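So my numbering is basically just the index in the sequence shown, starting at one, shifted up by 3.
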Amino acid sequence: MDAGGMMRDDFGLARLDGLGDPQTLRSRAEEAMARLEPDLRTGTQQQGGDASDSVWVTVGADGAVVDVSISRAWPRRLAPERLGDAVLEAYRQAEQKRALALARAGGPGARPGGPGAAPRHEPPAPDVTDERWLDWVWQRLDDARQRLDRLASAPVPAAEPERTVPGPAGHVRLRAVGATVSAVLVDSIRLAERDPDAVAGDLRAAFAEVRDVGGASRR
């Protein structure tokens, strides 16, 4: 498969060219772009979601998880054992968007519009009726993926030992290396089906504990 086809499959937009309704085309493409495009305003939080639209995780500009939300409809969208994976997917997407925002701002520690920020000169989007519009969409998605690939291949410090951090209510456990979560285990699946807010609250507390302990280990 050619590179363009791989890109379109990656973003769930394979064969999008065949859709005849321009409004549907715009909606699908903008949804795909939103999944990777960060908010570049200074200090803005970044939100990630899973593919089933069941879980959302929001991280602050400093990388701290500030919110976790679970849809009450999640049992109709996910197999029970997939809930933890969905939380991890949403968390990773939020972190990717945060890293991408930093990269576009000129590197770690930089902020959009602040000292060291790289100027951005992006042409305006063509109209959806313009034959160049799809090419513009693919280019934007490809640019975002390439930035994320470069970030992922950057040298990283020696890994710390993995640890397991339970939520204070005992509904979830997070596996983490330093301040980065590598796995999410949801132990109270039945509670999550009845009261997803309770599990989301335990997740928020566990993420905060990971951040506190991981940050302390670096000091």
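Just so you know, even glycine gets a beta-carbon here, dropped at the ideal spot from N, CA and C.
All of these numbers come straight from a predicted model, not from anything done at the bench.
- Excluding five sequence positions before and after residue 63, the CB atoms of its chain that fall closer than 6 Å to its own CB belong to 48 and 69, given in chain order.
- Pairing residue 171 with residue 56, the inter-Cα distance amounts to about 26 Å.
- Between residue 46 and residue 61, the C-beta spacing is not below 9 Å.
- Per DSSP, residue 64 is not a residue of any alpha helix (DSSP H), being assigned neither H nor E.
- Buried is the label assigned to residue 199, since at least 16 other Cβ atoms lie within 10 Å of its Cβ.
- By alpha-carbon distance to residue 80, the top candidate from 177, 58, 135 and 72 is 58.
- Of the candidates 216, 187 and 206, 187 places its Cα closest to the Cα of residue 84.
- Beta-bridge pairing by DSSP links residue 70 to 61.
- With contacts defined as CB atoms closer than 9 Å, residue 205 and residue 181 fail to qualify as a contacting pair.
- Between the C-alpha atoms of residue 97 and residue 105 there is a straight-line separation of about 13 Å.
- A direct Cα-to-Cα measurement between residue 100 and residue 178 gives close to 21 Å.
- Between residue 168 and residue 90, the CB-CB gap reaches or exceeds 9 Å.
- By the Cβ-count criterion, residue 185 is exposed, with fewer than 16 other Cβ atoms from all chains shown falling within 10 Å of its own Cβ.
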